[in-house]
Ligand SMILES: NC(=O)c1ccc[n+]([C@@H]2O[C@H](COP(=O)([O-])OP(=O)(O)OC[C@H]3O[C@@H](n4cnc5c(N)ncnc54)[C@H](O)[C@@H]3O)[C@@H](O)[C@H]2O)c1
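In the UniProt record's numbering, the protein residues as written are 1 to 356.
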């Protein structure tokens, strides 16, 4: 069995649960700068191999995969260290926070031959998997347009010390999920434009950057798409309006995957329409902790997929190139907010001399 070390034990909590419940991977060590957090997780999971030193975990030759859940601005450095110690890497979203780091990481992965996978968890949630399967089986025809949103009352998140830093942006922290969906179905987004604002609730909470944003995208073949993100205000009842949702409008059908509710609606090429929900066993698999803390099941799905990719020698997606492409698009969105004009993704890649 492949052995894993987990770095960052806030969201890393879901990964601990995912790995401890998996028959494909084994937890070797967990690591957090905060000893208190390590102790809390050790007690919670009755798993007692932990360290506060990333270097010590990296020096453990038995560990095959490092899974990274540290704050966004540390991802590039932590991926680099893992590759330099000859480890395969899973890094949570957003993959990096500056395109300047892209070439060094691409080169290191090439040199070491190690696999790097981006933990875009939402792709691995049940309704998203079903939507993708239906789309790939062709029951909807060809994609015309895609719409995705992620709207959440994330005022609780403002208690995290890094949430109020000038470097923290919901554009990357939140919109990376629906933007990943756009690129999953329309990989060749060429240009984006959008508007954003910091809401009065966001200002009062101490946020420094936009918490309310709407964007439209154009692909190289002329198809268009849109996303929106709203993060500091109450939301609609979830039985009416999912917090995160993706709609595919296609030549012969349409589908909508609603995330937190485990709900999927589809009209197929025969004209039949249906709404699918999932039962208790699936709910228990995804919702392992209190409240809406639901990522453990998604992480278990992607960690097992990544383990298969190592053992069977295929590429697990999103891989590093795809993750960097999505990050370049997020940066283009950021620039469009600043300038008020459409921005080409290519210009960001060229400025940083990144070739994907
Ligand atoms: N669905 C998802 O994929 C999803 C959901 C939530 C968070 N995330 C991502 O997970 C990452 C962490 O978010 P979070 O909410 O857990 O934040 P957090 O602040 O709660 O936890 C981060 C942890 O990293 C530790 N840490 C910081 N620097 C470290 C270092 N140098 N070495 C070891 N440990 C260090 C901190 O002590 C803390 O415990 C972010 O990138 C976030 O975007 C992804």
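Even glycine gets a Cβ: it sits at the ideal position worked out from N, Cα and C.
Around the C-beta of residue 1, are 16 or more other C-beta atoms found within 10 angstroms, so that it is buried, or is it exposed? Translated into positions along the chain shown, residue 1 becomes position 1. So residue 1 ends up on the exposed side.
Distance between residue 70 and residue 101 (C-alpha atoms, nearest Å): Here the question's residue 101 lines up with position 101 in the chain shown. Here the question's residue 70 lines up with position 70 in the chain shown. C-alpha separation (whole angstroms): 17 Å.
Distance, residue 194 Cα to residue 230 Cα: In the chain shown, counting from the first residue as 1, residue 230 sits at position 230. In the chain shown, counting from the first residue as 1, residue 194 sits at position 194. Approximately 14 Å, taken between the alpha carbons.
Can you check which of these residues, 204, 316 and 189, is closest to residue 327 by C-alpha distance? In the chain shown, counting from the first residue as 1, residue 327 sits at position 327. Checked all of 204, 316 and 189; the closest Cα to residue 327 is 189.
I'd like to check one pair, residue 87 with residue 105: are the Cβ atoms closer than 8 Å? As a first step, residue 105 must be located in the chain shown, where it is residue number 105. As a first step, residue 87 must be located in the chain shown, where it is residue number 87. Cβ distance not < 8 Å, so residue 105 and residue 87 don't count as in contact.
Go to residue 191, then tell me how far its beta strand (DSSP E) extends in each direction, as first and last residue. As a first step, residue 191 is located in the chain shown; it is residue number 191 there, counting from the start. Where residue 191 is concerned, the enclosing beta strand (DSSP E) stretches over 189 to 197.
Return yes when the C-beta of residue 54 is under 7 Å from any heavy atom of ligand 1, and no when it is not. By 1-based counting over the chain shown, the position of residue 54 is 54. For ligand 1, at least one heavy atom lies less than 7 Å from the Cβ of residue 54.
What does the alpha-carbon distance come out to for the pair residue 277 and residue 258? In the chain shown, residue 277 corresponds to position 277, counting from 1. In the chain shown, residue 258 corresponds to position 258, counting from 1. Distance between the alpha carbons of residue 277 and residue 258 is about 10 Å.
How many Å lie between residue 75 and residue 273 at the Cα? Taking the chain shown and counting its residues from 1, one reaches residue 75 at position 75. Taking the chain shown and counting its residues from 1, one reaches residue 273 at position 273. Rounded to the nearest angstrom, the two C-alpha atoms are 43 Å apart.
Can you tell me whether DSSP reads residue 104 as helix, strand or coil? Residue mapping note: residue 104 aligns to position 104 of the chain shown, counting from 1. If DSSP states are grouped into helix, strand and coil, residue 104 belongs with the helices.
Any heavy atom of ligand 1 closer than 7 Å to the beta-carbon of residue 37? As a first step, residue 37 is located in the chain shown; it is residue number 37 there, counting from the start. Yes, the beta carbon of residue 37 sits closer than 7 Å to at least one heavy atom of ligand 1.
Alpha carbon to alpha carbon, what distance is there between residue 238 and residue 201? In the chain shown, residue 201 corresponds to position 201, counting from 1. In the chain shown, residue 238 corresponds to position 238, counting from 1. So the alpha carbons of these two residues sit roughly 21 Å apart.
Exposed unless 16 or more other CB atoms sit within 10 angstroms - verdict on residue 356: On the chain shown, position 356 is the one that residue 356 refers to. It is exposed - the Cβ of residue 356 has fewer than 16 other Cβ atoms within 10 Å.
For residue 50, which residues in the same chain have their Cβ closer than 6 Å to its Cβ, ignoring the five residues on either side in sequence? By 1-based counting over the chain shown, the position of residue 50 is 50. So the qualifying residues of the chain are 30, 38 and 42.
Taking residue 306 as part of the alpha helix (DSSP H), name the residues at either end of that continuous run. The residue given as residue 306 occupies position 306 in the chain shown. Residues 295 to 312.
Can you give me the start and stop residues for the alpha helix (DSSP H) that residue 324 sits inside? Numbered from 1 along the chain shown, position 324 holds the residue referred to as residue 324. It spans 320 to 339 - the alpha helix (DSSP H) in which residue 324 sits, taken as one unbroken run.
Comparing alpha-carbon positions, which option in 131, 187, 13 and 211 lies nearest residue 153? Mapped onto the chain shown, residue 153 falls at position 153. Cα-wise, what sits closest to residue 153 is 211.
Which residues in the same chain as residue 82 place their Cβ atom closer than 6 Å to its Cβ, once the five residues preceding and following it in sequence are excluded? Indexing the chain shown from 1 puts residue 82 at position 82. So the list reads 66 and 89, once near-sequence residues are dropped.
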